[in-house]
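According to the working numbering, the sequence shown is numbered sequentially starting from 393.
C-beta: ideal position from N, C-alpha, C; glycine also.
Bear in mind that the values here come from a model prediction, so they are computed numbers and not experimental data.
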Amino acid sequence: MNISFIHTADIHIGKKFNVNFNSSEGKKRRREIWETFDKIIEVCIRNNVEFLLIAGDLVDAKHCTLDDMKRLSSKFSEAKNTEIIITTGNRDPYTSYSLYKFIDWSDNVNIVDTTDRIKKISFADKNLCVFSVGLDTKKKQTERTCLYDIEVDPSNINILLAHGDIFDNDIADVRIDIKRVENLFDYVALGHVHQYTEYSERVIYPGTPEPLDFSEKGQHGIVYCKLDKDNLEKVFVPTAKSRFITKEIFLQQDFSYEKILDIIKFSGDYISASKDYYRIVLTGRVDMTIDMNRLKSEASSFFQYIEFVDDYLYQIDYDYWIDENSDNIIGQYFKQFKASGVENLDRQKSLLLGLSVLLKEKENDR
Numbered sequence: 393m394n395i396s397f398i399h400t401a402d403i404h405i406g407k408k409f410n411v412n413f414n415s416s417e418g419k420k421r422r423r424e425i426w427e428t429f430d431k432i433i434e435v436c437i438r439n440n441v442e443f444l445l446i447a448g449d450l451v452d453a454k455h456c457t458l459d460d461m462k463r464l465s466s467k468f469s470e471a472k473n474t475e476i477i478i479t480t481g482n483r484d485p486y487t488s489y490s491l492y493k494f495i496d497w498s499d500n501v502n503i504v505d506t507t508d509r510i511k512k513i514s515f516a517d518k519n520l521c522v523f524s525v526g527l528d529t530k531k532k533q534t535e536r537t538c539l540y541d542i543e544v545d546p547s548n549i550n551i552l553l554a555h556g557d558i559f560d561n562d563i564a565d566v567r568i569d570i571k572r573v574e575n576l577f578d579y580v581a582l583g584h585v586h587q588y589t590e591y592s593e594r595v596i597y598p599g600t601p602e603p604l605d606f607s608e609k610g611q612h613g614i615v616y617c618k619l620d621k622d623n624l625e626k627v628f629v630p631t632a633k634s635r636f637i638t639k640e641i642f643l644q645q646d647f648s649y650e651k652i653l654d655i656i657k658f659s660g661d662y663i664s665a666s667k668d669y670y671r672i673v674l675t676g677r678v679d680m681t682i683d684m685n686r687l688k689s690e691a692s693s694f695f696q697y698i699e700f701v702d703d704y705l706y707q708i709d710y711d712y713w714i715d716e717n718s719d720n721i722i723g724q725y726f727k728q729f730k731a732s733g734v735e736n737l738d739r740q741k742s743l744l745l746g747l748s749v750l751l752k753e754k755e756n757d758r
C-alpha cells in the first residue's frame with residue numbers, strides 16, 4: 393500500500409515584510425502568501441491527496457491574528473479527505489498563548505501539541521505513523537534531543553515531521569543531528585530552511601512555497617510524494633506567484649543615460665517585470681554628468697517592484713577639473729578631494745553636489 397502526501401513548510405501567514413516594502417506592497421505580499429496557501433489546499437482537493445504535512449512556521453505568530461487562524465481552519469475543512477498534520481516552528485511556537493489553542497479545528501486537522509516529547513500520530517488504515525515534536529521558544533531548545541529516542545515499527549510507513557536545521561549545527565537555534573535519525577524513517581519532512589534542499593532522496597526541505605525576500609532565489613513550491621516501504625516518487629510542484637530576482641549590471645563610463653536605462657528596462661521580460669521583485673546591483677563606472685537618481689526613478693516605472701544597490705562609482709577626471717580651473721575655487725575644490733585619497737560613492741556624491749553649487753555661483757557672477 394502506498395500513500396500520497398504533500399510536504400510544505402515555512403508559509404509564514406501574517407508575516408510583516410521589511411521596511412523596503414511600503415504599506416500597500418506589504419499588503420500585496422501578504423495577500424499573495426494567502427493565495428499560494430489556497431493553491432496548496434486546491435492541489436490537495438483536486439488530486440485526492442491523502443496527507444498534508446506542514447513542517448513548522450505555517451504562520452508568523454507575532455503578526456498573525458485570530459481571524460487569520462479562523463480562515464486557515466475554514467480552508468483546511470474544505471480538504472475534508474486530506475489528513476493535515478501541523479508541527480510548530482520557531483515563528484509559530486506552541487506556547488500557553490498560542491493561537492493554535494483557540495481554534496476549533498476540523499476533524500482532519502492534527503496539531504502537534506507536545507514540545508518536550510515525541511507525538512506519534514497513527515493512521516492504521518494506511519499503515520502510517522507520523523512522529524513529531526513542536527517548538528516552544530520559551531525554552532532554550534537548541535537541540536531536539538527527544539528525536540533521538542524514537543522507536544519505530546519497521547513494518548509501518550514511518551515519517552518524521554520536524555522543524556530545525558540539520559546543516560549549521562554549530563550556530564543553529566534549532567538544530568537536528570540528522571545522522572542519528574534518518575535511517576529510522578521512510579521519509580523525513582523538514583522545515584526551517586527556506587530554499588528547496590535535498591539532504592538525501594528521503595530527507596527534504598521543501599523551502600517556502602512563496603518566497604519571502606531576496607535571499608530566497610529560484611523556483612519555490614511544494615513536494616508531492618507517493619510513498620510505500622520500498623519506493624518514493626516525489627515531484628516538486630511550483631506554487632509561487634512571484635519570484636525575487638537579483639541582477640548585477642556592470643556599467644561603463646561611456647554608457648549614455650539612455651543606454652543604462654535600456655539595460656535596466658530589459659533586465660527582465662515584460663511578464664516577469666509585471667509580477668516579480670527585482671533588485672538591481674549597479675557596479676562599474678558612470679559618467680559624472682548622468683543623474684542616476686532621475687534614471688532610477690524613470691526605470692522604476694517599468695517594474696511592479698524594483699530596488700537598487702549602488703555599488704558603482706562615478707568616473708571623475710580630477711586632473712582635468714584642476715587644470716581647467718587652476719585660477720579659481722573649483723580647481724582648489726577638486727585638489728582637496730583628490731588629496732584625501734578617499735574614493736567612495738557617498739564622497740563622490742558630496743563632490744558633485746558641491747560642484748553644482750560652485751558652477752551656479754560662477755554662472756551668476758558672469
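Quiz item: Assuming Pro630 and Ile432 make a contact with CB atoms under 8 Å, what is their CB distance in whole Å?
Solution: Actually they do not touch by this definition, with Cβ atoms about 12 Å apart.
Quiz item: Who are the near neighbours of Phe523 in its chain, counting only those whose CB is closer than 6 Å to its CB and skipping five residues on each side?
Solution: Here the set comprises Ile510, Lys512, Ile542, Leu552.
Self-check item: Cβ-Cβ distance between Thr806 and Cys436 below 7 Å
Solution: Residue coverage of the chain in this structure runs from 393 to 758, which leaves residue 806 outside it and unanswerable.
Exercise. Go ahead and pull the three-state DSSP assignment for Thr479.
Key: When secondary structure is reduced to three states using DSSP, Thr479 falls in the strand class.
Quiz item: Exposed or buried, which one is Gly610 when buried takes at least 16 other CB atoms within 10 Å?
Solution: Exposed.
Quiz item: Helix, strand or coil: how does DSSP classify Asp524 here?
Solution: Residue identity differs from the one stated: residue 524 is Ser in this sequence, not Asp. Residue state, collapsed to three classes: strand.
Exercise. Label Leu745 either buried or exposed according to how many other C-beta atoms from any shown protein chain fall within 10 Å of its C-beta, with 16 as the threshold for buried.
Key: Classification for Leu745: exposed.
Quiz item: Gly599 to Lys741, Cα distance in whole Å?
Solution: Gly599 and Lys741: Cα-Cα distance of roughly 41 Å.
Practice problem: With 7 Å as the threshold, decide whether the Cβ of Thr638 is near any Cβ in chain C. | Solution: Among the chains in the structure shown there is no chain C, since it carries only a single protein chain.
Practice problem: May I have the straight-line CA-CA distance separating Ser718 from Leu743, to the nearest angstrom? | Solution: Cα to Cα, Ser718 sits roughly 17 Å from Leu743.
Quiz item: Tyr486 to Ala447, Cα distance in whole Å?
Solution: Approximately 13 Å between the Cα atoms of the pair.
Quiz prompt | Residue closest to Ile721, alpha-carbon to alpha-carbon, out of Asp709, Ile614, Val749 | solution = It is Val749 whose Cα lies nearest to the Cα of Ile721.
Self-check item: Secondary structure of Ser396, DSSP reduced to three states
Solution: DSSP places Ser396 in strand when its eight states are reduced to three.
Quiz item: Applying the criterion that 16 or more other CB atoms from any shown protein chain within 10 Å of the CB defines a buried residue, is Lys407 buried or exposed?
Solution: Residue environment analysis places Lys407 among the buried positions, since at least 16 neighbouring C-beta atoms fall within 10 angstroms of its C-beta.
Quiz item: Can you list the beta strand (DSSP E) stretches of 3 or more residues lying completely in the region 543–598, in chain order?
Solution: You should have 549–555, 579–583, 589–592, 595–597.
Self-check item: Element boundaries [beta strand (DSSP E), containing Gln707]
Solution: Run containing Gln707: 705–707, per the beta strand (DSSP E) assignment.
Quiz item: Could you give the distance in angstroms between the alpha-carbon of Phe729 and the alpha-carbon of Gln707?
Solution: Answer to the nearest angstrom: the Cα atoms are 14 Å apart.
Practice problem: State the start and end residues of the unbroken alpha helix (DSSP H) segment that holds Asp711. | Solution: Residue range 710–716 is occupied by the alpha helix (DSSP H) that includes Asp711.
Quiz prompt | For Cys436, the three-state DSSP class (helix, strand or coil) | solution = Residue state, collapsed to three classes: helix.
Quiz item: Is Asp654 buried or exposed, if buried means 16 or more other CB atoms sit within 10 Å of its CB?
Solution: So Asp654 counts as exposed.
Quiz item: Apart from the five residues on each side of it in sequence, which residues of its chain come closer than 6 Å, Cβ to Cβ, to Lys419?
Solution: No residues qualify anywhere along the chain.
Quiz item: Are the Cβ atoms of Tyr597 and Val580 separated by less than 7 Å?
Solution: Against a cut-off of 7 Å, the Cβ pair of Val580 and Tyr597 comes out as no contact.
Quiz item: Roughly how many angstroms lie between the CA atoms of Lys657 and Phe694, to the nearest whole one?
Solution: Cα to Cα, Lys657 sits roughly 6 Å from Phe694.
Quiz prompt | Selected residue, minimal CA-CA separation from Ser664, among Leu624, Ile698, Leu491 | solution = Comparing Cα-Cα distances from Ser664 to each of Leu624, Ile698, Leu491, the minimum goes to Ile698.
Quiz item: How is Asn685 classed by DSSP in three states: helix, strand or coil?
Solution: Correct three-state label for Asn685: helix.
Quiz item: Does the region 414–429 come within contact of the region 640–648, defined as at least 3 CB pairs closer than 8 Å?
Solution: Because the criterion of three Cβ pairs below 8 Å is not met, the region 414–429 and the region 640–648 do not touch.
Quiz item: Near Thr506, what residues of its chain come up, given a Cβ to Cβ distance below 7 Å and the 5 sequence neighbours on each side ignored?
Solution: Once the five neighbours on either side are set aside, the close Cβ partners of Thr506 are Val525, Gly526.
Self-check item: Residue from Ile637, Arg594, Phe636, Ser415 whose Cα sits closest to the Cα of Lys621
Solution: The shortest C-alpha separation from Lys621 is found at Arg594.
Quiz prompt | Cβ neighbour criterion (16 or more within 10 Å) applied to Pro603 | solution = Classification of Pro603: buried, given that the 10 Å Cβ count is 16 or more.
Practice problem: Taking Ile503 and Tyr489 to be in contact with their CB atoms under 8 Å, please state how far apart those CB atoms are, rounded to whole angstroms. | Solution: Actually they are not in contact, since the Cβ atoms of Ile503 and Tyr489 sit about 15 Å apart, beyond 8 Å.
Self-check item: Three-state class that DSSP yields for Glu640 in the structure shown
Solution: DSSP places Glu640 in the strand class (E or B) of the three-state scheme.
Practice problem: Going by CA-CA distance only, name the one from Lys626, Tyr704, Lys618 that's closest to Ile762. | Solution: Nothing about residue 762 can be reported from this structure: the residues present for the chain run from 393 to 758 only.
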